[in-house]
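Each remark here refers to the structure printed beneath this line.
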Amino acid sequence: MTDPITAAARATPAPVARRIRGLSDRAIAWLFVAPTIFLLLAINIFPLIWTIRLSFTNYAANRPNREVEWVGLRNYERILTDDGIWANMQTTAHFLLWTLFFQVVIGFTLAWLINRKFKGNDLLTTLIVLPMMLSPAVVGNFWTFLYQPQIGLVNYVVELVSGIPASSFSMLGPGGYAPWSIIIVDTWMWTPFVMLICLAGLRSIPDYIYEAAEIDRASKWRQFWTITVPMVLPFLMLAVLFRGIENFKMFDMVVLLTGGGPGNETLLASIDLKREAFEKWRTGYSSAYAIILFVTVFGLASIYVKALNKVKER
Amino acid sequence: MSAYSVTEPTGRSKLVAGLLVTLYAVITLMPLLWIISTGFKSGPDSISYPPKIVFEPSLEGYVNLFTTRTRVAAEEFQNLPPPDTWYDEIVRDQGMVIAGPSRFGERFLNSVIIGFGSTFLSIFLGTLAAYAFSRFKVPLKDDLLFFILSTRMMPPIAVAIPIFLMYRELGLSDTHLGMILLYTAVNISLAVWLLKGFIDEIPREYEEAALIDGYTRFQAFRKVVLPQAATGIASTAIFCLIFAWNEYAFAVLLTSGTAQTAPPFIPTIIGVGGQDWPAVAAGATIFLLPVMIFTILLRKHLLRGITFGAVRK
Numbered sequence: 111m112t113d114p115i116t117a118a119a120r121a122t123p124a125p126v127a128r129r130i131r132g133l134s135d136r137a138i139a140w141l142f143v144a145p146t147i148f149l150l151l152a153i154n155i156f157p158l159i160w161t162i163r164l165s166f167t168n169y170a171a172n173r174p175n176r177e178v179e180w181v182g183l184r185n186y187e188r189i190l191t192d193d194g195i196w197a198n199m200q201t202t203a204h205f206l207l208w209t210l211f212f213q214v215v216i217g218f219t220l221a222w223l224i225n226r227k228f229k230g231n232d233l234l235t236t237l238i239v240l241p242m243m244l245s246p247a248v249v250g251n252f253w254t255f256l257y258q259p260q261i262g263l264v265n266y267v268v269e270l271v272s273g274i275p276a277s278s279f280s281m282l283g284p285g286g287y288a289p290w291s292i293i294i295v296d297t298w299m300w301t302p303f304v305m306l307i308c309l310a311g312l313r314s315i316p317d318y319i320y321e322a323a324e325i326d327r328a329s330k331w332r333q334f335w336t337i338t339v340p341m342v343l344p345f346l347m348l349a350v351l352f353r354g355i356e357n358f359k360m361f362d363m364v365v366l367l368t369g370g371g372p373g374n375e376t377l378l379a380s381i382d383l384k385r386e387a388f389e390k391w392r393t394g395y396s397s398a399y400a401i402i403l404f405v406t407v408f409g410l411a412s413i414y415v416k417a418l419n420k421v422k423e424r
Numbered sequence: 397m398s399a400y401s402v403t404e405p406t407g408r409s410k411l412v413a414g415l416l417v418t419l420y421a422v423i424t425l426m427p428l429l430w431i432i433s434t435g436f437k438s439g440p441d442s443i444s445y446p447p448k449i450v451f452e453p454s455l456e457g458y459v460n461l462f463t464t465r466t467r468v469a470a471e472e473f474q475n476l477p478p479p480d481t482w483y484d485e486i487v488r489d490q491g492m493v494i495a496g497p498s499r500f501g502e503r504f505l506n507s508v509i510i511g512f513g514s515t516f517l518s519i520f521l522g523t524l525a526a527y528a529f530s531r532f533k534v535p536l537k538d539d540l541l542f543f544i545l546s547t548r549m550m551p552p553i554a555v556a557i558p559i560f561l562m563y564r565e566l567g568l569s570d571t572h573l574g575m576i577l578l579y580t581a582v583n584i585s586l587a588v589w590l591l592k593g594f595i596d597e598i599p600r601e602y603e604e605a606a607l608i609d610g611y612t613r614f615q616a617f618r619k620v621v622l623p624q625a626a627t628g629i630a631s632t633a634i635f636c637l638i639f640a641w642n643e644y645a646f647a648v649l650l651t652s653g654t655a656q657t658a659p660p661f662i663p664t665i666i667g668v669g670g671q672d673w674p675a676v677a678a679g680a681t682i683f684l685l686p687v688m689i690f691t692i693l694l695r696k697h698l699l700r701g702i703t704f705g706a707v708r709k
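This is the structure:
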């Protein structure tokens, strides 16, 4: 049954419907879109242009009265030739690649298991998803407690399972575990994200494809590699895109967990940028740094989206 | 349904899958349960080794979260009148007296004001823009939509530098209004993309029928489209609220006192010799619980929200 409104609407030719009183559609469209565009121009684009401008100067925000000099491309030159910054980029890349790797492997496996549609899978999915919705700062801070060498839960569990004494190693201290500690927390938080997207991908595969494969006597193994994986791939790639952009920008969780330390072991680009901009107050220099990061993420994302579209077209 | 389907997993594979996923869920929920339980531990219990799984519950963490305490000289402590209230007693048991309320209440209230303020504004502006993008021929529509999305790619610290300077000039630093506007600007991309998806799903015929009945376009929007989009608007609002609620980078860089929200505050809760973990856990519990509840309410729209509407299920 259709309700009267729909019935009336269907019976009415479209041109009549468009002839209306009051403001023209065009005027309404502009009226509705303008505030959003204005806000984004004021709080996103204008600051971005300002950052570009500052990146060519030696401005320091804590010394507003000092005369500002134009330094041309010197800030960019210094950043691109600075070994410390290349080291941070490598730290960021290490964090990015390993978190993506673990999240894809665990996330896909979980989705694949949940797709068996066992009893209670909805409830478990909802519970598993919880960590990713929580404040990364508050959670990151609490993980420093879980990682305490003497009293922390993580070291205790490691001792229970492997017999390595809990106080003999420190997840956040010296010893080289810190870069892995931040990867563990990020994986804990964000695996559910990849899982949810993979699950949507798995559920989008129609049953008849598997039925046809079964008739052709394709083995389960072969079905997995020729049907499941290729059909989930676009979804998985989308998840990687989102996580990649987010983790390139990663700041809050890691800054509270390690603050970049010990030494510079977990000094991600964003954390370094914050130090340059808001602790050393080298505003001009850090503006150039920010632009370089933005261009990098934008460039990588654009290349990636092209690849994603190719996979989708297949 | 046929009695036998080749795509239906066997009973045993379901069982194995169920067990493995349950195992993962137990492991992944441990840190959250640890936060909640630490909030109810006494100071010594929270840092005992081995970590205590069974312990005598205590409200010390919650009392410490909401109060500031001082030590007094031993003889003065002896001569104090007996504690009036249960929370006085808990503080006395730690050998201290209450000096006054802590700032947690204020910080939490700031989170509420800024969270709801920016959510309201994002939804208000976002619904209008989404409706226009969904229903009208807006020139350069795809470019504008992409532009709106690309604003999400900037590292927050990169935008924070000029916003810090701009807010300093305009007197918006450390104000509720400044933070509301900022979070609205960040959230509006999500709001427009999600809401456009929801509005696209409402048949145009509904409004066109209303237009024939003599409604103006604006009335049709208000009386036909808005009620139809209510669920979508509500779930978009929750996503915006969760973002503003959880945000840390801008909050720590742009606020210090008046408008500081809870995320920069909770990690600064310290007691004797380091962080007061029961109090931190109590604060975290109070702060995280609303989001957990929202997540459970949102579960049907979760996927859509986290992918900017790219995956709709």
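Protein chains in written order, with this note's numbering: chain A, 111 to 424; chain B, 397 to 709.
By construction, the Cβ of each residue, glycine as well, lies at the ideal position given by its N, Cα and C atoms.
Residue environment analysis places V487 of chain B among the buried positions, since at least 16 neighbouring C-beta atoms fall within 10 angstroms of its C-beta. The region 483-539 of chain B is shown to contain whole beta strand (DSSP E) runs of 3 or more residues at 493-497, in chain order. For R353 of chain A, the uninterrupted alpha helix (DSSP H) run begins and ends at 339-358, by DSSP.
Residues of the region 258-270 of chain A with a C-beta less than 7 Å from any C-beta of chain B: Q260, I261, L263, Y266, listed in chain order. For the pair V295 of chain A and M199 of chain A, the CB atoms are not nearer than the 8 Å cut-off. Counting only Cβ-Cβ distances below 9 Å, R695 of chain B has contacts in chain A at D232, T235, T236, V239, in chain order.
Taking the C-beta atoms as reference points, G435 of chain B is found no nearer than 8 Å to Y420 of chain B.
Residues of the same chain with a CB within less than 8 Å of the CB of A645 of chain B, apart from the 5 flanking positions on each side, are P552, I553, A556 in chain order.
Residue environment for T406 of chain B: exposed (fewer than 16 other C-beta atoms within 10 angstroms of its C-beta). By the CB criterion at 8 Å, L461 of chain B and I665 of chain B fall inside the cutoff. When beta bridges are read from the DSSP output, G667 of chain B appears opposite B:G670. For the C-beta of A171 of chain A, the chain B residues within less than 9 Å are, from N- to C-terminus, I557, F560, L561, R564. Rounded to the nearest angstrom, the gap between the Cα atoms of G285 of chain A and W298 of chain A is 22 Å. Counting of Cβ neighbours within 10 angstroms places L607 of chain B among the buried residues, the total reaching 16 or more.
Interface with chain B (8 Å Cβ-Cβ cutoff): I292 of chain A is excluded. Contact holds between the region 690-697 of chain B and the region 625-637 of chain B, because three or more Cβ pairs, one in each stretch, are under 8 Å apart.
In the three-state scheme derived from DSSP, where H, G and I count as helix and E and B as strand, R465 of chain B is classed as strand. Taking 9 Å as the cut-off between beta carbons, the residues of the region 215-232 of chain A near chain B are I216, T219, L220, W222, L223, I224, N225, R226, K227, F228, K229, G230, N231, D232, in sequence order.
In the three-state DSSP reduction, T191 of chain A falls in the coil class, being neither helix nor strand. From the listed residues A:I413, A:F156, A:P145, A:D135, the smallest Cα separation to M562 of chain B is found for A:F156.
Taking the Cα positions, G194 of chain A is about 30 Å away from P659 of chain B.
Counting C-beta pairs closer than 8 Å gives fewer than three between the region 135-152 of chain A and the region 380-392 of chain A, which falls short of the contact rule.
Counting along the chain, H572 of chain B sits inside the alpha helix (DSSP H) bounded by residues 572-596.
For the 8 Å CB-CB criterion, I337 of chain A and V407 of chain A do not form a contact. R313 of chain A: member of the alpha helix (DSSP H) spanning 288-313, first to last residue.
With contacts defined by Cβ atoms closer than 8 Å, G394 of chain A and N172 of chain A do not form a contacting pair.
Per DSSP, T703 of chain B is not a residue of any alpha helix (DSSP H), being assigned neither H nor E. Per the DSSP secondary-structure output, T167 of chain A pairs in a beta bridge with A:W180. Judged by DSSP secondary structure, R613 of chain B falls within the alpha helix (DSSP H) whose first and last residues are 613-616. The beta carbons of P145 of chain A and L568 of chain B sit no closer together than 8 Å. Close partners of I692 of chain B in chain A (Cβ separation under 7 Å): T236.
It is roughly 13 Å from the alpha-carbon of H572 of chain B to the alpha-carbon of L566 of chain B. If you draw a straight line from the Cα of N225 of chain A to the Cα of A310 of chain A, it comes to about 10 Å. For W140 of chain A, the enclosing alpha helix (DSSP H) stretches over residues 135-150.
Within chain A, the residues F255 have their CB atoms less than 7 Å from the CB of W673 of chain B, given in chain order. Of the candidates B:I662, B:S631, B:G669, the residue whose Cα lies closest to the Cα of L693 of chain B is B:S631.
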